[in-house]
Amino acid sequence: VVLASADGRMELFGPRYRHPPQPGTENVARGEFGFRVEGVPPRRMLFERHHALTGPPRGFAPLLVVPDLASAGWELVVRHRAGSLGEAVAGMRRRNLGFSFGVLIVLAAGMVLIIVWTQRVQKLAKLQMDFVTGVSHELRTPVSVICSAAENLADGVVDTASQVKQYGALIRNEGRRLREMVEQILLFASGQERRLALDFRPVDIGEVIDSTLVEAENLVGASGFAVEKQVSPNLPPVMADPAALSQCLRNLITNALKYGAANRWMAVHAQTGDGPQGEEIQITVQDRGQGIDPEDLPHVFEPFYRGSAARSSQIHGTGLGLSLVKELTEALGGRLTVMSTPGEGSSFTLHLPVARLEAEPLAKAG
Numbered sequence: 089v090v091l092a093s094a095d096g097r098m099e100l101f102g103p104r105y106r107h108p109p110q111p112g113t114e115n116v117a118r119g120e121f122g123f124r125v126e127g128v129p130p131r132r133m134l135f136e137r138h139h140a141l142t143g144p145p146r147g148f149a150p151l152l153v154v155p156d157l158a159s160a161g162w163e164l165v166v167r168h169r170a171g172s173l174g175e176a177v178a179g180m181r182r183r184n185l186g187f188s189f190g191v192l193i194v195l196a197a198g199m200v201l202i203i204v205w206t207q208r209v210q211k212l213a214k215l216q217m218d219f220v221t222g223v224s225h226e227l228r229t230p231v232s233v234i235c236s237a238a239e240n241l242a243d244g245v246v247d248t249a250s251q252v253k254q255y256g257a258l259i260r261n262e263g264r265r266l267r268e269m270v271e272q273i274l275l276f277a278s279g280q281e282r283r284l285a286l287d288f289r290p291v292d293i294g295e296v297i298d299s300t301l302v303e304a305e306n307l308v309g310a311s312g313f314a315v316e317k318q319v320s321p322n323l324p325p326v327m328a329d330p331a332a333l334s335q336c337l338r339n340l341i342t343n344a345l346k347y348g349a350a351n352r353w354m355a356v357h358a359q360t361g362d363g364p365q366g367e368e369i370q371i372t373v374q375d376r377g378q379g380i381d382p383e384d385l386p387h388v389f390e391p392f393y394r395g396s397a398a399r400s401s402q403i404h405g406t407g408l409g410l411s412l413v414k415e416l417t418e419a420l421g422g423r424l425t426v427m428s429t430p431g432e433g434s435s436f437t438l439h440l441p442v443a444r445l446e447a448e449p450l451a452k453a454g
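With the first letter of the sequence shown counted as 1, position 99 gets the number 187 in the working numbering; the numbers rise by one all the way through.
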């Protein structure tokens with residue numbers, strides 16, 4: 089921007105000019121641009137430069153003052169720091185293009201994330217609907233059995249002691265089944281809200297296995313299963329919550345009863361082994377049922393997930409049992425693994441680190 093007064097004085101040439109005019113400078117280089125000042129004597133122009141010329145526009149090199157003796161005037165030239173004007177424009181276009189591509193990449197990444205999260209939300213919604221359907225059926229069955237048995241007792245349909253005992257056992261078993269389902273749902277909700285309250289103490293694995301099998305004895309006996317128990321002697325204790333560990337075993341046993349009904353055989357083994365954290369206790373529950381399809385295997389520990397074999401076989405369930413086992417095992421500092429072959433059965437193993445205590449306290453704890 090050039091500001092000249094009415095008498096031809098140059099009033100303003102930008103805010104930062106510091107270099108004196110250079111008389112005798114050759115022709116202007118390619119890519120520079122400038123303007124011509126007519127009718128101003130060179131000496132006066134040189135004098136006024138100290139008061140008016142302070143610098144070029146932002147982004148440009150210092151001004152060149154080129155004398156034009158033919159017209160008794162001056163030609164003022166400015167050069168862009170990037171070089172020629174074409175190079176400056178090209179550089180600006182490249183920067184704008186790069187910025188545009190960056191914006192497009194960010195928008196594309198945002199769209200991909202939105203699509204992925206939408207698919208996950210839709211999948212979770214479907215799993216939750218399946219869960220509601222499964223829970224409704226699971227709750228309806230024991231409630232219907234209990235109500236039917238209670239009505240028969242109240243109406244006097246059952247009059248012998250053996251029948252009363254049979255109906256009482258039926259009501260008791262279905263009541264336990266109903267209670268376990270409610271506990272599983274509440275336990276899952278507590279885990280989702282990170283409200284699991286665990287009481288860690290040294291635990292004897294053999295005692296937990298024995299007590300859990302005793303609790304499941306009626307269910308195992310009613311299913312006609314043969315149970316093979318093999319616990320290595322003198323197993324070191326683990327630091328765990330006894331109730332949570334027993335819940336894990338109950339869920340695995342119930343899972344074996346559901347999916348191993350074809351051969352009606354189950355094994356519960358416990359032994360020591362080497363793990364990522366050192367010595368660990370490995371508790372395995374194995375069945376010889378239908379097994380798990382390879383495409384379902386990576387998802388068996390997901391909440392609400394039920395494999396294709398379970399759906400096709402019409403094996404009812406909430407889809408929370410194995411998910412709870414995994415969550416509780418990890419809360420106890422361990423891990424849960426699975427091995428399965430379709431048509432041959434499955435084995436689930438709890439890996440729990442051995443308690444790090446001195447020998448004397450361990451003996452007292454045992």
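Heads up, the beta-carbon is just placed ideally off N, CA and C, and yes, glycines get one too.
**Prompt:** When the Cβ atoms of the segment 287-294 are set against those of the segment 246-263, are three or more pairs found closer than 8 Å?
**Reply:** no
**Request:** List in chain order: all unbroken alpha helix (DSSP H) runs of 4+ residues lying wholly within the segment 282-346.
**Result:** DSSP runs (the alpha helix (DSSP H)) wholly in the segment 282-346: 293-303 and 305-311.
**Asked** Can you list, in chain order, the residues of its chain whose CB lies under 8 Å from that of T425, leaving out five sequence neighbours each side?
**Response** As a first step, residue 425 must be located in the sequence shown, where it is residue number 337. Once the five neighbours on either side are set aside, the close Cβ partners of T425 are F436, T437 and H439.
**Message:** At 3 residues or longer, what runs of the beta strand (DSSP E) sit wholly inside the segment 373-436?
**Reply:** 423-429
**Asked** Anyone know if the C-beta pair for S250 and T300 falls short of 7 Å?
**Response** Within the sequence shown, numbered from 1, the residue matching residue 250 stands at position 162. Within the sequence shown, numbered from 1, the residue matching residue 300 stands at position 212. No.
**Asked** Exposed or buried, which one is I202 when buried takes at least 16 other CB atoms within 10 Å?
**Response** Locating residue 202 in the sequence shown gives position 114, counting from the first residue. When all chains shown are included, I202 counts as exposed.
**Item:** Alpha-carbon spacing of Q272 relative to L412, whole angstroms
**Value:** As a working note, residue 272 is residue 184 in the sequence shown. As a working note, residue 412 is residue 324 in the sequence shown. One C-alpha to the other measures close to 8 Å.
**Request:** Would you mind working out which of P321, G422 and L408 sits nearest G366, comparing C-alpha positions?
**Result:** Here residue 366 is taken as the residue at index 278 of the sequence shown, counted from 1. The option with the nearest alpha carbon to G366 is G422.
**Asked** Is S434 closer than 7 Å to G395 when the C-beta atoms are compared?
**Response** Here residue 395 refers to the residue found at position 307 when the sequence shown is read from its first residue. Here residue 434 refers to the residue found at position 346 when the sequence shown is read from its first residue. Taking 7 Å as the Cβ cut-off, G395 and S434 do not qualify as a contacting pair.
**Which listed residue (R338, P321 and A178) has its alpha carbon closest to that of R265** = Taking the sequence shown and counting its residues from 1, the one referred to as residue 265 is at position 177. Per the Cα distances, R338.
**Request:** Identify the continuous beta strand (DSSP E) that holds G363 and give its terminal residues.
**Result:** Translated into positions along the sequence shown, residue 363 becomes position 275. DSSP places G363 in the uninterrupted beta strand (DSSP E) bounded by W353 to G363.
**Item:** Where F187 falls, given that 16 or more other Cβ within 10 Å makes a residue buried
**Value:** Taking the sequence shown and counting its residues from 1, the one referred to as residue 187 is at position 99. That one is exposed.
**Item:** Member of P441, A314 and V319 whose CA lies at the smallest distance from the CA of H357
**Value:** Within the sequence shown, the letter at position 269 stands for residue 357. Considering only alpha carbons, the answer is V319.
**Request:** Can you grab the Cα-Cα spacing for the pair G244 / V233, in whole Å?
**Result:** In the sequence shown, residue 244 corresponds to position 156, counting from 1. In the sequence shown, residue 233 corresponds to position 145, counting from 1. Between G244 and V233, the C-alpha separation is close to 17 Å.
**Prompt:** With G312 and R352 assumed to form a contact (beta carbons below 8 Å), what rounded beta-carbon distance in angstroms separates them?
**Reply:** By one-based count along the sequence shown, residue 312 stands at place 224. By one-based count along the sequence shown, residue 352 stands at place 264. 5 Å between Cβ atoms; contact.
**Message:** If you reduce the DSSP assignment to three classes, tell me which class G366 lands in.
**Reply:** Locating residue 366 in the sequence shown gives position 278, where the first residue counts as 1. Reduced to three states, the DSSP call for G366 is strand.
**Request:** Could you name the residues of the same chain whose beta carbon sits closer than 8 Å to that of A350, not counting the 5 residues immediately before and after it, in chain order?
**Result:** Position 262 of the sequence shown, counting from 1, holds the residue named residue 350. Correct list, in chain order: R376, G377 and Q378.
**Message:** Based on DSSP bridge pairs, tell me the residues matched to P441.
**Reply:** Working through the sequence shown from its first residue, we reach residue 441 at position 353. Residue pairing by DSSP places P441 opposite E368 in a beta bridge.
**Prompt:** How about F389 and L416: do their beta carbons lie closer than 7 Å?
**Reply:** By 1-based counting over the sequence shown, the position of residue 389 is 301. By 1-based counting over the sequence shown, the position of residue 416 is 328. Cβ distance not < 7 Å, so F389 and L416 don't count as in contact.
**Request:** Pick out whichever of I369, E418, E383 and L192 has its Cα sitting closest to the Cα of V442.
**Result:** As a first step, residue 442 is located in the sequence shown; it is residue number 354 there, counting from the start. Checked all of I369, E418, E383 and L192; the closest Cα to V442 is I369.
**Item:** Burial state of P111 (16 or more Cβ within 10 Å)
**Value:** Along the sequence shown, read from residue 1 onward, the residue named residue 111 stands at position 23. Legend: pLDDT at P111 = 40, less than 50; position of this residue unreliable, value from coordinates given subsequently. Flag for P111 reads exposed.
**Request:** Leaving out five residues on either side along the sequence, give the residues of the same chain with a beta carbon under 6 Å from the beta carbon of Q374.
**Result:** Counted from its first residue, the sequence shown places residue 374 at position 286. The residues are A355 and S435.
**Request:** Just the C-alpha distance for P221 and G190, rounded to the nearest angstrom, thanks.
**Result:** Here residue 221 is taken as the residue at index 133 of the sequence shown, counted from 1. Here residue 190 is taken as the residue at index 102 of the sequence shown, counted from 1. Looking at the sequence provided, one finds Thr at residue 221 rather than Pro. If you take the alpha carbons of T221 and G190, they lie about 47 Å apart.
**Request:** Verify the contact flag: I273, CB atom, against every heavy atom of the ligand NAD, threshold strictly below 6 Å.
**Result:** Here there are no bound small molecules, and the ligand NAD is not part of this structure.
**Message:** Pop quiz: I297 and K317 are said to be a contact at Cβ under 8 Å. What is the actual Cβ separation, rounded to whole angstroms?
**Reply:** Against the sequence shown, residue 297 aligns to sequence position 209. Against the sequence shown, residue 317 aligns to sequence position 229. I297 to K317, Cβ: 7 Å. Contact.
**Item:** C-alpha gap between T372 and R228, whole angstroms
**Value:** Reading the sequence shown from its first residue, position 284 is the one you call residue 372. Reading the sequence shown from its first residue, position 140 is the one you call residue 228. Those two C-alpha atoms are separated by around 32 Å.
**Request:** Using only alpha-carbon positions, find the residue among E305, T248, M269 and N240 that is nearest to V315.
**Result:** To locate residue 315, count along the sequence shown from 1; it is residue 227. The candidate whose alpha carbon is nearest that of V315 is E305.
**Asked** Can you give the Cα-Cα distance for F276 and G348, rounded to whole angstroms?
**Response** By 1-based counting over the sequence shown, the position of residue 276 is 188. By 1-based counting over the sequence shown, the position of residue 348 is 260. Spanning the two alpha carbons is a distance of roughly 25 Å.
**Message:** Checking 7 Å against the spacing of the C-beta atoms, do L258 and A237 come in under that value?
**Reply:** Position 170 of the sequence shown holds residue 258. Position 149 of the sequence shown holds residue 237. Yes, these two residues count as a Cβ contact at 7 Å.
**Asked** Just the Cα atoms here: how many angstroms apart are V209 and G198?
**Response** Counted from its first residue, the sequence shown places residue 209 at position 121. Counted from its first residue, the sequence shown places residue 198 at position 110. Near 16 Å, if we compare the C-alpha coordinates of G198 and V209.
**Item:** V177 (DSSP reduced to helix, strand or coil)
**Value:** Residue mapping note: residue 177 aligns to position 89 of the sequence shown, counting from 1. In this structure, V177 counts as helix in the three-state DSSP scheme.
**Asked** In whole angstroms, what is the alpha-carbon distance linking L195 and E175?
**Response** Start at 1 with the first residue of the sequence shown, and residue 195 comes out as number 107. Start at 1 with the first residue of the sequence shown, and residue 175 comes out as number 87. Roughly 30 Å separates the two Cα atoms.
**Request:** Just the C-alpha distance for P391 and E418, rounded to the nearest angstrom, thanks.
**Result:** As a position in the sequence shown, residue 391 is number 303, starting the count at 1. As a position in the sequence shown, residue 418 is number 330, starting the count at 1. Cα to Cα, the separation comes out at about 15 Å.
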